[in-house]
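Be aware that the sequence shown starts at 1, since it is given in full-length UniProt numbering, and climbs by one per residue.
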Amino acid sequence: MSQKRQLKLGFMLHGVGMGWGDWRHPDADPTASTSFAYYKRQAQLAEAAKFDFLFVADSVFITEKSSPHYLNRFEPLTILSALAGATSHIGLVATLTASYSEPFNVARQFASLDHISCGRAGWNVVTSWLEGSAVNFSKSSHLAHDTRYRLAAEHLDVVQGLWDSWEDDALVHNKASGVFFDPAKLHALNHKGEFFQVKGPLNIARSAQGQPVIFQAGASEDGKNFAAKRADAIFVHHENLDEGKAYYRDTKKRAAGFGRDPDDLVILPGIRPVIGSTEEEVERKYRDFANLTSIENALSMLGRPFNDYDFLQHDLDAPFPDVGAHGANSNQSTSRKILETAAREKLTLRQAALRFATPRTEFVGTPEQVADAFQRWLQERGSDGFVINVSLPKEFDVFVETVVPILQARGIYRTEYESETFRGNLGVPVPPNRYATSVAVAAE
Ligand SMILES: Cc1cc2nc3c(=O)[nH]c(=O)nc-3n(C[C@H](O)[C@H](O)[C@H](O)COP(=O)(O)O)c2cc1C
1 MSQKRQLKLG
11 FMLHGVGMGW
21 GDWRHPDADP
31 TASTSFAYYK
41 RQAQLAEAAK
51 FDFLFVADSV
61 FITEKSSPHY
71 LNRFEPLTIL
81 SALAGATSHI
91 GLVATLTASY
101 SEPFNVARQF
111 ASLDHISCGR
121 AGWNVVTSWL
131 EGSAVNFSKS
141 SHLAHDTRYR
151 LAAEHLDVVQ
161 GLWDSWEDDA
171 LVHNKASGVF
181 FDPAKLHALN
191 HKGEFFQVKG
201 PLNIARSAQG
211 QPVIFQAGAS
221 EDGKNFAAKR
231 ADAIFVHHEN
241 LDEGKAYYRD
251 TKKRAAGFGR
261 DPDDLVILPG
271 IRPVIGSTEE
281 EVERKYRDFA
291 NLTSIENALS
301 MLGRPFNDYD
311 FLQHDLDAPF
321 PDVGAHGANS
331 NQSTSRKILE
341 TAAREKLTLR
351 QAALRFATPR
361 TEFVGTPEQV
371 ADAFQRWLQE
381 RGSDGFVINV
391 SLPKEFDVFV
401 ETVVPILQAR
411 GIYRTEYESE
421 TFRGNLGVPV
431 PPNRYATSVA
441 VAAE
């Protein structure tokens, strides 16, 4: 991390929006989730504001109940490869499931994006919580939660092993001697594991940043350990600063427990700011934001971490219903947190749904108030930065125009990029090539 801790900021490219009703806002473009022009404009706005990265979420299963953005949108690596050509410094983080992909292909795809972007690629490693995903990949059932994490760890082992196939100086390109590469510096992986057998080598060399940046977003016990052990960056949700500080302390401690320098890992909560120039405008805009989500929308959103559970079958004003084990094999941490919050605060189903769908956080306020919240989270070690997701169609423009200058004036956010690569700007180390180091060690 640079001497004076500065915020690391990501922007979540999410087309028509995260909420089920966002597309109905008068300023919203209902076609945004498949509009390259929309993505390009947002990407260039984020880069002009010196953001660290763009983030594209993903899932591989939809039903007629899925949100408008999830129903019709770009595949992450494809859209980010196109945006690599329209940007020069901002990181490009694509979500891709380990549960339904082949490591050799994944290694190639991300290494290609890393080369196309001159060292700006990132992979958000997910295990796909929607159990229905299996039907799109010739599988009769979805793997169990713990098995998914075991598979994801092996998948990442293979991908990172393949990324090291070529030592950084293996490609000689000596036209006089006709030597294209040094065979002693090209390595086969010969991986044999529980889920994968992959020989290698990979048919693309390492990039300017060595390897793409690894993101993770799991928050269950397995998820936290996987993230603390393997991620360069963690994308997470928190209700408030106290929760953020507890998670931050615990995760950095876990990382140290795995023999890592805790500063080599950045923790980035996702937030949806709503900004008004006056208190009255803040209230009006928050109402606009909340009114975009009908109770039916909120119940669909609530059902998602419970594997698309249908909450409409229950009495809205009765205590939160018993949903049995729904969620346990799906989005474990989020479903568990909702159950615990509803029980602790004795919420009705309606209250829980609206609370979850339209959170009123300390990132709802005037530009000064929102900047104060950012500074507080950074300085009290609730986070190393944030991932911004849109609440209202034009809210990202408002954030860039009104909050970013305050953060820069306070010296807690960059005014210029420090590096050409994503790792360089994020302040996370370049992984040494395992073969080069082993040769160096042997030579010693
Ligand atoms: C901020 C955030 C963003 C996420 N983005 C995705 C995503 O794009 N695709 C996906 O399949 N899962 C995504 N997840 C879900 C996680 O990968 C993980 O499945 C979820 O947090 C549940 O993890 P757990 O079962 O370990 O609790 C996201 C989670 C969080 C907190």
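Quick reminder that beta carbons are idealized off the backbone N, C-alpha and C, glycines included.
| query | result |
| --- | --- |
| Assigned secondary structure, V403 (DSSP; H/G/I helix, E/B strand, else coil) | helix |
| Simplified DSSP state of F21, which is helix, strand or coil | Note that residue 21 is Gly in the sequence shown, not Phe. DSSP places G21 in coil when its eight states are reduced to three. |
| Validate contact between the stretch 389-401 and the stretch 335-349 using beta carbons, cut 8 angstroms, 3 pairs | no |
| Proximity test, S101 beta-carbon vs ligand 1 heavy atom, cut-off 8 angstroms | no |
| E47 beta carbon less than 9 angstroms from that of D58 | no |
| Integer Cβ distance of V93 from I79, believed to fall under 8 angstroms | With 8 angstroms as the limit, V93 and I79 do not qualify as a contact, their Cβ atoms being about 12 angstroms apart. |
| Residue(s) in a DSSP beta bridge with M12 | F55 |
| Where the beta strand (DSSP E) through V236 begins and ends | 233-236 |
| Unbroken beta strand (DSSP E) run spanning I214, endpoints | 213-216 |
| Beta-carbon gap between P68 and D22 smaller than 9 angstroms | yes |
| Cβ pair L349, L299 closer than 9 angstroms | yes |
| Residue from H237, S141, R287, R360 whose Cα sits closest to the Cα of P305 | H237 |
| Exposure of N331, with buried meaning 16 or more beta-carbon neighbours within 10 Å | buried |
| Cβ-heavy atom distance, Y149 to ligand 1, below 8 angstroms | yes |
| Span separating the alpha-carbon of R284 from that of V398 | 15 angstroms |
| Beta-carbon proximity list for E154, same chain, < 7 angstroms, skipping 5 on both sides | G193, E194, F195, F196 |
| Range of the contiguous alpha helix (DSSP H) that encloses P305 | Unbroken run through P305: none, as it is neither H nor E. |
| Uninterrupted beta strand (DSSP E) stretches inside the stretch 53-116 (no shorter than 3 residues) | 53-56, 91-97 |
| Pick from N240, P212, A328, G365 that is closest to D232, judged by C-alpha positions | P212 |
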